[in-house]
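Here is the structure we will look at, set down as structure tokens.
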Amino acid sequence: AQKITQTQPGMFVQEKEAVTLDCTYDTSDQSYGLFWYKQPSSGEMIFLIYQGSYDEQNATEGRYSLNFQKARKSANLVISASQLGDSAMYFCAMREGSYGQNFVFGPGTRLSVLP
Amino acid sequence: AAGVIQSPRHLIKEKRETATLKCYPIPRHDTVYWYQQGPGQDPQFLISFYEKMQSDKGSIPDRFSAQQFSDYHSELNMSSLELGDSALYFCASSLGDSDTEAFFGQGTRLTVV
Numbered sequence: 008a009q010k011i012t013q014t015q016p017g018m019f020v021q022e023k024e025a026v027t028l029d030c031t032y033d034t035s036d037q038s039y040g041l042f043w044y045k046q047p048s049s050g051e052m053i054f055l056i057y058q059g060s061y062d063e064q065n066a067t068e069g070r071y072s073l074n075f076q077k078a079r080k081s082a083n084l085v086i087s088a089s090q091l092g093d094s095a096m097y098f099c100a101m102r103e104g105s106y107g108q109n110f111v112f113g114p115g116t117r118l119s120v121l122p
Numbered sequence: 346a347a348g349v350i351q352s353p354r355h356l357i358k359e360k361r362e363t364a365t366l367k368c369y370p371i372p373r374h375d376t377v378y379w380y381q382q383g384p385g386q387d388p389q390f391l392i393s394f395y396e397k398m399q400s401d402k403g404s405i406p407d408r409f410s411a412q413q414f415s416d417y418h419s420e421l422n423m424s425s426l427e428l429g430d431s432a433l434y435f436c437a438s439s440l441g442d443s444d445t446e447a448f449f450g451q452g453t454r455l456t457v458v
């Protein structure tokens, strides 16, 4: 079964508007971490934001915020004031436990910011 | 700030040749992960190391091997290369004993011809 689901293969947003990228996850672990990464066309994987399962407050990093709803097992990424440079592939990922446990990635959402 | 360093950035090999990819984690990070990303796909986990010991193993072919050295850098060795091994190979590092950020290198793009 898919551990990470991203139901939006592609999204469009107008420049300067906010956009929400969906991510739901499946785990029976109590301790886990949720991550969002951005992959532009150049290929590098850029860390955006992290949310720990025990964190009570939603994570924020500049224009990025993570809407963490633990009971619903969702970890949506919100990008405020979209910029043209935000056009990229966005991956949601989860790491269960710790001590070198691997990350599982979702299929990704391709975001296109329109001028 | 220092990031994860991968070398080489690009590599072209012929079928049946061998390749070695290197990864230098962020200083003080003790955990290294290797991922393979085919065209249009999400990254697939290959193998990870925590404190120089293999900690988890994914869909890594038997033709591949990896290790983490005493200075925490890691190498992925790939033998008998096949056309299907052409992909972007990422290394990531983190602090293994806590749920913290994990950072990826810029990747090595391997092309097998």
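If you're matching them up, the sequences are chains A and B in order.
In terms of our numbering, the first sequence opens at residue 8 and continues consecutively.
In terms of our numbering, the second sequence opens at residue 346 and continues consecutively.
Heads up, the beta-carbon is just placed ideally off N, CA and C, and yes, glycines get one too.
Here the structure is a predicted model, which means the values were calculated and not measured.
**Run of the beta strand (DSSP E) containing residue 365 (chain B), from where it starts to where it stops** = For the purposes of this step, residue 365 (chain B) is taken as residue 20 along the second sequence, with counting starting at 1. Looking at the DSSP string, the run of the beta strand (DSSP E) that includes residue 365 (chain B) is 364-369.
**Asked** Any chance the CB of residue 72 (chain A) is under 7 Å from a heavy atom of the ligand COA?
**Response** Annotation note on the ligand COA: not contained in the displayed structure, which lists no ligands.
**Per-residue burial, residue 87 (chain A) [other beta carbons within 10 Å of its own, 16 or more giving buried]** = The residue given as residue 87 (chain A) occupies position 80 in the first sequence. Residue 87 (chain A) should be labelled exposed.
**Prompt:** For the beta strand (DSSP E) that contains residue 95 (chain A), what are its first and last residues?
**Reply:** The residue labelled residue 95 (chain A) in the question sits at position 88 within the first sequence. Start and end: 95-103.
**Asked** Which first and last residues belong to the beta strand (DSSP E) in which residue 403 (chain B) is found?
**Response** On the second sequence, position 58 is the one that residue 403 (chain B) refers to. Element bounds for residue 403 (chain B): n/a, residue is neither H nor E.
**Request:** Please state whether DSSP places residue 40 (chain A) in a helix, a strand or coil.
**Result:** Along the first sequence, read from residue 1 onward, the residue named residue 40 (chain A) stands at position 33. Strand at residue 40 (chain A).
**Asked** Beta-carbon of residue 75 (chain A) versus every beta-carbon of chain B: anything under 8 Å?
**Response** For this step, residue 75 (chain A) is matched to residue 68 along the first sequence. So, not an interface residue.
**Asked** Whose CA, out of B:395, B:449 and B:382, lies closest to the CA of residue 430 (chain B)?
**Response** Locating residue 430 (chain B) in the second sequence gives position 85, where the first residue counts as 1. Taking only the C-alpha atoms, the option nearest residue 430 (chain B) is B:382.
**Message:** Using a 10 Å radius around the Cβ and a threshold of 16 neighbouring Cβ atoms, would you call residue 422 (chain B) buried or exposed?
**Reply:** Taking the second sequence and counting its residues from 1, one reaches residue 422 (chain B) at position 77. Residue 422 (chain B) should be labelled exposed.
**Prompt:** Leaving out five residues before and five after residue 30 (chain A) in sequence, what residues of the same chain have Cβ atoms less than 8 Å from its Cβ?
**Reply:** Locating residue 30 (chain A) in the first sequence gives position 23, where the first residue counts as 1. Excluding sequence neighbours, residue 30 (chain A) sits near 11, 12, 13, 41, 43, 81, 82, 83, 84, 99 and 113.
**Request:** Run down chain A in chain order and give the residues with a C-beta less than 7 Å from the C-beta of residue 434 (chain B).
**Result:** For the purposes of this step, residue 434 (chain B) is identified with residue 89 of the second sequence, where counting begins at 1. Per Cβ cutoff of 7 Å: no residues; residue 434 (chain B) is ~11 Å from chain A at best.
**Item:** Host beta strand (DSSP E) of residue 59 (chain A) (start-end)
**Value:** Position 52 of the first sequence, counting from 1, holds the residue named residue 59 (chain A). Start and end: 53-59.
**Prompt:** What are the boundary residues of the beta strand (DSSP E) that includes residue 355 (chain B)?
**Reply:** Your numbering for residue 355 (chain B) matches position 10 in the second sequence. That run of the beta strand (DSSP E) goes 355-358.
**Prompt:** Does the distance from the C-beta atom of residue 21 (chain A) to that of residue 118 (chain A) stay below 8 Å?
**Reply:** Within the first sequence, residue 21 (chain A) is the residue found at index 14, counting from 1. Within the first sequence, residue 118 (chain A) is the residue found at index 111, counting from 1. Contact flag unset, no.
**Prompt:** Along chain B, which residues have their Cβ under 8 Å away from the Cβ of residue 18 (chain A)?
**Reply:** On the first sequence, residue 18 (chain A) is found 11 positions in, with the first residue counted as 1. Here the premise fails: no neighbours, minimum Cβ distance about 16 Å.
**Prompt:** Going along chain B, which residues have a C-beta under 7 Å from residue 47 (chain A)?
**Reply:** Within the first sequence, numbered from 1, the residue matching residue 47 (chain A) stands at position 40. Within chain B, no residue comes near residue 47 (chain A); the closest Cβ sits about 11 Å away, beyond 7 Å.
**Option in A:72, A:51 and A:62 with minimal Cα separation from residue 26 (chain A)** = Stepping through the first sequence from its first residue, residue 26 (chain A) is reached at position 19. Answer by Cα proximity: A:72.
**Request:** Label residue 417 (chain B) either buried or exposed according to how many other C-beta atoms from any shown protein chain fall within 10 Å of its C-beta, with 16 as the threshold for buried.
**Result:** Counting from 1 along the second sequence, the entry for residue 417 (chain B) is found at position 72. By the neighbour-count rule (16 or more Cβ atoms within 10 Å), residue 417 (chain B) is buried.
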